[in-house]
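Numbering (the numbering used here), first residue to last: 7 to 140.
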């Protein structure tokens, strides 16, 4: 952290804990950019509705983000496959990504034999994503 912060023009952490760490080395180079709260006060996330929509009756695990390679969705799916060997009472919902990425990870889930437990709901507009992060 020290080497990176010394050579950087500016460091933009997304949480106060990281900002505090960087401040130890280069306090004048830190610009805190806290997570953006996307939930509209009028929107209320209804997990029960999502479970009904996807026909999930047990534990729901969620990933809400883009599906770029650096997000390690392959690792998430591999890990989820291992978790399913311990319990069948979990389902994974992945919200995000473009159609090509979604198809790629659906194929990966099929190869792992976990396609019945991994759900890719239709793409959601950015204005609705806060509902899934609440």
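Every residue, glycine too, gets a C-beta built ideally from N, C-alpha and C.
Please read these numbers as outputs of a predicted model, since none were measured by experiment.
I'd like to know whether the C-beta atoms of residue i and residue j end up nearer to each other than 8 Å.
| i | j | result |
| --- | --- | --- |
| residue 96 | residue 64 | yes |
| residue 6 | residue 17 | Absent from the model: residue 6. The displayed extent of the chain is 7 to 140, so no value can be given. |
Could you check the C-alpha separation between residue i and residue j for me, to the nearest Å?
| i | j | result |
| --- | --- | --- |
| residue 15 | residue 23 | 20 Å |
| residue 104 | residue 92 | 31 Å |
| residue 87 | residue 81 | 10 Å |
| residue 69 | residue 84 | 14 Å |
| residue 117 | residue 30 | 47 Å |
| residue 100 | residue 56 | 12 Å |
| residue 98 | residue 106 | 19 Å |
| residue 113 | residue 78 | 15 Å |
In the DSSP output, what is residue i paired with across the bridge?
| i | result |
| --- | --- |
| residue 96 | 65 |
Ends of the alpha helix (DSSP H) at residue i?
| i | result |
| --- | --- |
| residue 106 | 105-118 |
| residue 28 | 22-29 |
Would you grab the beta carbon distance between residue i and residue j for me? Rounded to a whole angstrom, and I think it's under 8 Å.
| i | j | result |
| --- | --- | --- |
| residue 102 | residue 60 | Not confirmed; about 15 Å, so no contact. |
| residue 28 | residue 37 | Rounded, the Cβ-Cβ distance is 10 Å, inconsistent with contact. |
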